[in-house]
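Engineer: I'd like to ask some things about the structure below.
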Amino acid sequence: MNSKTEEVLRKDIRKSYNNKLIQKFINAGLEEIRACINCGTCTGSCPSGKRTALRVRSAIKKALDGDESILKDKDIWFCSTCYYCYERCPRNIPVTDMIIKLRNIAVEEGYILDNHFDLAYNVFYKTCHAISAIGENNKKWRELRESYDLPSLPPTVHSYPEAVKECQKLMREVKFKQLLDKIKKKKKKDNKNIK
Amino acid sequence: MVETENLKIGVYICHCGTNISGNINIDLLKEYSSKISNVVLVKDYKFMCSDIGQKLIKADIESGIINRVVIAACSPRLHEYTFRSVCEDIGFNPFLFEQANIREHSSWVNLNDPEGAFEIAKDHINMAVAKASKLKPLKKIKVSVESSCLVIGGGIAGINSALDLANNGYKVYLLEKNPSIGGHMAQLDKTFPTMDCSACILTPRMVDIARNQNITLLTYSEIVGIDGYVGNFKIKIMKKPHYVDQIKCNGCGSCITPCPVICKNEFDLGMTSRKAIYIPFPQAIPGEYTIDMENCIKCGICADPNVCETEAINFNDKPEIINIKVGTIIVATGWDLYDPTELKQYGYGRYPNVINSLQMERLLSSIGPLSGNPARPSDLLVPKRIAFLQCVGSRYYREGGNRYCSRVCCMYAIKQARQYKEKYPDCEIFIFYIDMRTFGKEYEEFYESSQREYGIRYIRGRIAEVLEDKNNNIIIRSEDTLSQQLIELKVDLLILSCGLEPNIDSDKIGSLLCLQKSSDGFFMEAHPKLRPIDTLLEGIFISGVAQGPKDIPDTVAQAKAAASGASILMAKAELEIDPYYTVVIDQLCSGCKICQSLCPYNAIEFDDYKKKALINPVLCKGCGTCAPACPSGAIEQNHFTSDQMNSIIDIIKEDN
């Protein structure tokens, strides 16, 4: 075997396991993740996995092994949080919480789907509403409200625009805005994000 | 009694190799100890428990230099008995000795902190010396031992214990709640890994029980009361009415056909029916019939002299209470199969073609409902494709499940799969597993041949959910974790390999006998390694699955061990019991009975004449529950008197 072939082959051999990802779960009080026996009940139960490439057990396994490629994997965003896996796990692991935590870590590292980022930045931060009723695109919601004799805008920040600033201040206080800015910068800098 | 002014305490410090001396400076400790009041002598040695160490102590006591012994060494659990014996050997009262644990409690827990360890060791020695100053000589209690044993449970464990004891010459009462002995082993078709016919190896033992002169068989009976203590248990037993005279009945069976009542046959797990008058299975011991009064309509047909020629039927039969006295008790209450109904995703109880492993066992059995030609319950067609699911209810950390591994399911599933394949070589068999655990003698080889010779397919994955199609076929959804693929597999029959649980009646027996249970719900052994069949109650032993899930060889081994444990006690005419019991000081007792309600061992009686509590020293285990609860301070515990405990507390107080 020449040394080049050997090098190619050896590339696939795991030489270490890191604890970086597990530690984040432990810090969040989710040390149960370590009790996984890889029985596959979660994957087999997953209604999303029947239609998408989401494989819950493999995702948990990668997190346990410290394989950070899972953070870039768009499959973790296909979980519908139906809680089947959570209900059936024989080791009583809150599997759905694990997936949510995995997403949190992914976002912290700057991996987020474009749609989600759009929603967070352009809708949630700007309007302080997850589903906004202002703007030309959302005319239908206003009309719907009016058809029920309701004011066209709900009595939230939409009706009190002066409160938007306060809400945004809150989002800065909890570092939500900073996170979004960081991701935005990263997105601009390298377009290596999820395709 | 030795007066205070004459106290001469000897302190012996053990190095325990380097276990203690490696972390604690022995010389400094000696110097410190010699300054404690009443200490007249301090010595150290590499191993105090060794012969030479023991001789050192003996010589000092015999020469009269000391009259109290304090040994600073390991845990009293390890060597208290050793040092007590040293005292006894030379006629010195063994309760004038006190052990300070400076190994586990000082050296080992402070491995990285020698100074801290030294400080704690000082405290321990100080406390032991303080207590030693207050020690009083005590006498062990002697009790006689009845040469008879009660074995509770007539399964393979109880049968083996009973036979061994009876063959040893002891009188044995074998108690069984069902009309026949045999237990679950009688339901099995074959045993792994040798594929012996289960009934063929069990029934000769059952016959031996019936024939043995030393064994009184009490089937269809229950314990209703228990009293007494090691060597002298008084047991009240209720023999349930059979409604058939067990002496007149000759087991001819001519009552069966005329009986009009058809009910579920529990021996076949409800897959077949039986009549209201019945024997549980053909080889039942005893072979006399029983009427199941819950189902009987009292039509009287069986009582017709043309039906029962011996006129054995007696509808007026009454429960009979008998009292027996035994020296020892062996608890062999066995197990029940985990009920998977609550695991809705598997459809047990909803889909006819999802069955449990004991039902499969009956289907495979040549004396089972289908005479050994298994078919699926929905349409009695022969399944071409079957699947087993392992760890049902076991290794399950959710509510309603068992955390432990049941230890037999992997092997019985392989066995059933092999048996099925032998009957129908063209069938396809899948075993869904998380881990295959085949750890016994010849077990791994059995597993290997099931793959190589029989072609049984093993899929690593726990079934997630089960559906049924319109033909009652079972659709399994799972992940093949090794290929990371989702599976949707259609099979004709699914067998759930359910785990073992403590017998439903073990709670009742346990509370009658005051036995402790481990967290898994099985009875707790006195020591998991060294006393696996003893309980914390002297004279009561556990054997078989009552102690924890195990296979037949392990059960038989344990049954023999329990018989041996009971024989050792009964071989002695007298037993000595440590005097750690509590004593009521009559003048102080107000007769409030608080202690009586708290005692976990039923050791406290109430003297109605004197209106005082009375503690039975043999039943009392010295747990200390009653003494601090007594509002009048009228209860003192030997060897742990208020005086002695206060002297220890005073030391701690001074220290801080």
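Sequence order for the protein chains is A and B. Going by the working numbering, the first sequence opens with residue 170, and the numbers climb by one from there. Going by the working numbering, the second sequence opens with residue 0, and the numbers climb by one from there. Ideal Cβ positions, reconstructed from N, Cα and C, are used throughout, including at glycine.
1. In chain order, what are the residue ranges of uninterrupted beta strand (DSSP E) at least 3 long that sit wholly in the region 388-433 of chain B?
2. How many Å lie between residue 7 of chain B and residue 67 of chain B at the Cα?
3. At a Cβ cut of 8 Å, what residues of the region 398-413 of chain B count as close to chain A, listed as they run along the chain?
4. Per DSSP, what are the beta-bridge partners of residue 479 of chain B in this structure?
5. Please list, in chain order, all residues of the same chain as residue 24 of chain B whose beta carbon is under 8 Å from its beta carbon, the five residues on each side excluded.
6. Below 9 Å on C-beta distance, what does residue 324 of chain A contact in chain B?
7. Do residue 218 of chain B and residue 508 of chain B count as a contact pair if the criterion is CB distance below 7 Å?
8. Using the beta-carbon count (16 or more within 10 Å), is residue 254 of chain B buried or exposed?
9. Buried or exposed, going by whether 16 or more other CB atoms sit within 10 Å of the CB of residue 532 of chain B?
10. Jot down the residue ranges of each uninterrupted alpha helix (DSSP H) in the region 209-245 of chain A, minimum 4 residues, whole runs only, in chain order.
11. Does residue 467 of chain B come out as helix, strand or coil in the three-state DSSP assignment?
12. Look at the alpha carbon of residue 570 of chain B and the alpha carbon of residue 328 of chain B, and state the distance between them as a whole number of angstroms.
13. At a Cβ cut of 7 Å, what residues of the region 230-256 of chain A count as close to chain B, listed as they run along the chain?
14. Which one or two residues does DSSP pair with residue 266 of chain B in a beta bridge?
15. Going by DSSP, name the residue or residues bridged to residue 233 of chain B.
16. What residue range is occupied by the uninterrupted alpha helix (DSSP H) comprising residue 75 of chain B?
17. Quick check on DSSP: helix, strand or coil for residue 0 of chain B?
18. Tell me which residues share the same chain as residue 273 of chain B and place their Cβ nearer than 7 Å to its Cβ, disregarding the 5 neighbours each side in the sequence.
19. Ignore the nearest five residues each way along the sequence and tell me which others in residue 604 of chain B's own chain have a CB closer than 6 Å to its CB.
20. Residue 72 of chain B bridges to which residues according to DSSP?
21. Please decide whether residue 384 of chain B counts as near chain A, where near means a Cβ-Cβ distance under 7 Å.
22. Tell me which residues of the region 458-478 of chain B have at least one Cβ-Cβ distance to chain A shorter than 8 Å, keeping chain order.
23. Which one of B/96, B/22 and B/17 has the shortest CA to CA distance from residue 56 of chain B?
24. Rounded to a whole number of angstroms, what is the C-alpha to C-alpha distance between residue 1 of chain B and residue 99 of chain B?
25. Can you check whether the C-beta of residue 183 of chain A is within less than 7 Å of a C-beta belonging to chain B?
26. So does the region 478-496 of chain B actually touch the region 222-236 of chain A, counting three or more Cβ pairs closer than 8 Å?
27. Spatial neighbours of residue 503 of chain B within its chain, please: C-beta separation below 8 Å, excluding the five flanking residues on both sides.
28. How is residue 364 of chain A classed by DSSP in three states: helix, strand or coil?
29. For residue 401 of chain B, which option in B/364, B/499 and B/439 has the closest C-alpha, if you only look at C-alpha atoms?
30. Taking residue 602 of chain B as the reference, which of B/625, B/362 and B/83 has the closest Cα?
31. Buried or exposed for residue 438 of chain B, going by 16 or more other Cβ atoms inside 10 Å?
32. With a Cβ-Cβ cutoff of 7 Å, do residue 199 of chain A and residue 232 of chain A count as a contact?
33. At a CB-CB cut-off below 7 Å, which residues of chain A make contact with residue 456 of chain B?
34. Can you find a CB in chain A that lies within less than 7 Å of the CB of residue 433 of chain B?
35. Using a Cβ-Cβ cut-off of less than 7 Å, give me the residues of the region 182-211 of chain A that come near chain B, in sequence order.
36. Within the continuous alpha helix (DSSP H) that includes residue 562 of chain B, where are the two ends?
Structural biologist: Taking the definition as stated:
1. Secondary structure within the region 388-433 of chain B: the beta strand (DSSP E) runs of 3 or more consecutive residues, fully enclosed, are 427-432 (chain order).
2. C-alpha separation (whole angstroms): 6 Å.
3. For the region 398-413 of chain B, which is checked against every Cβ of chain A, the residues closer than 8 Å are 400.
4. Residue pairing by DSSP places residue 479 of chain B opposite B/484 in a beta bridge.
5. Hits under 8 Å: 113 and 117.
6. Per Cβ cutoff of 9 Å: no residues; residue 324 of chain A is ~43 Å from chain B at best.
7. Here residue 508 of chain B is not near residue 218 of chain B, since their CB atoms are 7 Å or more apart.
8. Residue 254 of chain B comes out buried.
9. With a threshold of 16 other beta carbon atoms within 10 Å, residue 532 of chain B meets it and is buried.
10. Segments of the alpha helix (DSSP H) lying fully in the region 209-245 of chain A: 210-214, 225-234 and 238-241.
11. Strand, per DSSP.
12. Cα to Cα, the separation comes out at about 15 Å.
13. Answer set for the region 230-256 of chain A: empty.
14. Beta-bridge pairing links residue 266 of chain B to no other residue.
15. Bridge partners of residue 233 of chain B: B/226 and B/324.
16. 75-88 is the extent of the alpha helix (DSSP H) around residue 75 of chain B.
17. Residue placement at residue 0 of chain B is flagged as unreliable, the pLDDT there being 44, under the threshold of 50; the coordinate-derived value follows with that caveat. In the structure shown, the three-state DSSP call for residue 0 of chain B is coil.
18. Taking C-beta separations shorter than 7 Å and ignoring five residues to either side along the sequence, the partners of residue 273 of chain B in its chain run 262 and 264, following chain order.
19. Residues of the same chain with a CB within less than 6 Å of the CB of residue 604 of chain B, apart from the 5 flanking positions on each side, are 613 in chain order.
20. Bridge partners of residue 72 of chain B: B/100.
21. Chain A places no beta carbon closer than 7 Å to that of residue 384 of chain B, leaving this residue out of the contacts.
22. Taking 8 Å as the cut-off between beta carbons, the residues of the region 458-478 of chain B near chain A are 459, 460, 461, 462, 463, 464, 476, 477 and 478, in sequence order.
23. When the alpha-carbon of residue 56 of chain B is set against those of B/96, B/22 and B/17, the nearest one is in B/96.
24. Note that residue 1 of chain B scores a pLDDT of 45, beneath 50, so its modelled location is shaky; the value from the coordinates is reported in the next line. Rounded to whole angstroms, residue 1 of chain B and residue 99 of chain B show a C-alpha spacing of 22 Å.
25. Against chain B, the CB of residue 183 of chain A has no partner CB under 7 Å away; the residue lies outside that interface.
26. Contact between the region 478-496 of chain B and the region 222-236 of chain A is present, because at least three Cβ pairs lie under 8 Å.
27. Shown here for residue 503 of chain B: same chain residues with a beta carbon closer than 8 Å to its own, the five before and five after excluded, namely 335 in chain order.
28. Note that residue 364 of chain A scores 48 on pLDDT, short of 50, meaning its location in the model is unreliable; the coordinates nonetheless yield the value given after this. Here residue 364 of chain A sits in coil by DSSP.
29. Nearest C-alpha to residue 401 of chain B: B/499.
30. From the listed residues B/625, B/362 and B/83, the smallest Cα separation to residue 602 of chain B is found for B/625.
31. If you draw a 10 Å sphere on the C-beta of residue 438 of chain B, you find fewer than 16 other C-beta atoms in it, and that means exposed.
32. Cβ atoms of residue 199 of chain A and residue 232 of chain A: not closer than 7 Å.
33. Neighbours of residue 456 of chain B across chain A, judged by C-beta separation under 7 Å, do not exist; the nearest C-beta is about 16 Å away.
34. In terms of beta-carbon proximity, residue 433 of chain B lines the interface with chain A, with at least one pair separated by less than 7 Å.
35. Answer set for the region 182-211 of chain A: 206, 207, 208, 209 and 210.
36. Here the alpha helix (DSSP H) through residue 562 of chain B covers 551-570.
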